[in-house]
Every structure is written in structure tokens, then in C-alpha cells.
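Q: Per my numbering: the sequence shown = residues 3 to 157. C-beta atoms are modelled at their ideal positions from N, C-alpha and C, and glycine is treated no differently.
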Amino acid sequence: MIAFVLVQIVSPCSDQAALASAGEGAWVDSHDHLVFHLGSSPKFVRHAFEHALAAAHGGGVVHGDAAGDTAGARPPPDAGEVEARFERQVAPSLVLAARIGPMHTAATYVNLASLLLHDPPKRGATIGVFSYGSGAAATMFSLRVRGTCTIDAAL
């Protein structure tokens, strides 16, 4: 039997600007754990995480702003930091997906279950969840763990 973690939806947000205006900083930096929609394989989650992390830290700015100013751009994290953060923040959510394969609609919530099973967040931890559909809509929200997650040893 799985005892479900109690979560509270903290703040629905549509983009980085919403987080910044709330004083929370970049989405990838403001959560203890991250859960992404799967796409067709875990490698797409890794790419999405890498792009989100680079964007949050000014990476990918080639020519600066409209005036050509690159002074505000920070270099993206080095490869070792990206890998360590991926393993800590994202990888536990992909264990089930690696076994099951593409799931489409269910992917985000199976990945959330994978996180709860393979690296149960501590009370007070935040989980950033990003789900995108077929291009028609996307959802980004934050969860705060308000209880404990216990897993039956028979699983």
C-alpha cells in the first residue's frame, strides 16, 4: 500500500516572469525537485531541463539584447553542475518512465509517482511540475509537501 503525500498547490504560474514577479527567481532554481512531461523518452526531459537551466542563467544569449548588449548575460552552469542538478532534482522522477516507455497524457503524473517512490521528498520540500500537451496548452505549477510519503516494502 502507498500512503499518499499530501501536497498543497503553492502558486500556479505560466512563465519565468510570473515567478520573478513573485520574488521566486527562476523555476529551475526555486524548487527542490522537478517533474517534467515525458515526451517520447527520458532524453527529452534531460534536454528540457538543460534548456530551462541555461535560460534561467542567461545561457543561449548569442547576440545580447536588441542593442547588442551582453553585459547582463551570465554563463550557463558547467556540464558537471548540470549533471549533478539533473541527478538530484529530476532523475528520480524518470525511473518508472524508463521502464514503461512513452505514456503521453499520463506521463507527468507517472513521473510524479516515480519521484514519490524513488526519492520521497521531505516535508516542506517544493516540487515544480511542468506538463505540456500537443502544443495546445501547457501547465506549470508548484507543489509543497505537507506530509510524509511511506512506501509499502512489498512494492
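Starting from Ala140, follow the beta strand (DSSP E) in both directions and report where the run begins and ends.
A: Mapped onto the sequence shown, residue 140 falls at position 138. Where Ala140 is concerned, the enclosing beta strand (DSSP E) stretches over Ala140 to Val147.
Q: With His120 and Pro104 assumed to form a contact (beta carbons below 8 Å), what rounded beta-carbon distance in angstroms separates them?
A: For the purposes of this step, residue 120 is identified with residue 118 of the sequence shown, where counting begins at 1. For the purposes of this step, residue 104 is identified with residue 102 of the sequence shown, where counting begins at 1. Contact flag wrong, Cβ pair sits at about 19 Å.
Q: Compute the beta-carbon to beta-carbon distance between Val84 and Ala99, rounded to the nearest angstrom, for a pair I have assumed lies under 8 Å.
A: As a first step, residue 84 must be located in the sequence shown, where it is residue number 82. As a first step, residue 99 must be located in the sequence shown, where it is residue number 97. About 20 Å separates the two Cβ atoms, so there is no contact after all.
Q: How is Val63 classed by DSSP in three states: helix, strand or coil?
A: As a first step, residue 63 must be located in the sequence shown, where it is residue number 61. The predicted position of Val63 is uncertain, since its pLDDT is 41 and thus under 50; a value taken from the coordinates is nonetheless stated next. DSSP places Val63 in coil when its eight states are reduced to three.
Q: Hey, how far is the Cα of His53 from the Cα of Gly60?
A: As a working note, residue 53 is residue 51 in the sequence shown. As a working note, residue 60 is residue 58 in the sequence shown. Going from the Cα of His53 to the Cα of Gly60 covers about 10 Å.
Q: What residues in its chain sit with their C-beta under 6 Å from that of Gly130, if we drop five residues either side in the sequence?
A: Looking up residue 130 in the sequence shown gives position 128. Trp29, His33, Leu36 and Ser144, listed in sequence order.
Q: So His39 and Ala109 are in contact, right, with Cβ under 8 Å, and what is the actual spacing, rounded?
A: By one-based count along the sequence shown, residue 39 stands at place 37. By one-based count along the sequence shown, residue 109 stands at place 107. Contact holds; Cβ gap of about 5 Å.
Q: Closest to Arg87 by CA distance: which of Ala57, Cys151 and Phe51 is it?
A: Along the sequence shown, one-based indexing puts residue 87 at 85. Considering only alpha carbons, the answer is Phe51.
Q: Closest to Ser116 by C-alpha separation, out of Cys151, Ala57 and Gly82, would be which residue?
A: Within the sequence shown, numbered from 1, the residue matching residue 116 stands at position 114. The candidate whose alpha carbon is nearest that of Ser116 is Cys151.
Q: For Tyr134, I'd like the list of residues in its chain whose CB is within less than 7 Å of its CB, leaving aside the five on either flank, ordered along the chain.
A: Taking the first residue of the sequence shown as position 1, residue 134 is located at position 132. So the list reads His39 and Ala140, once near-sequence residues are dropped.
Q: Starting from Leu36, follow its DSSP beta bridges and name the residues at the other end.
A: Taking the first residue of the sequence shown as position 1, residue 36 is located at position 34. Answer is Gly130.
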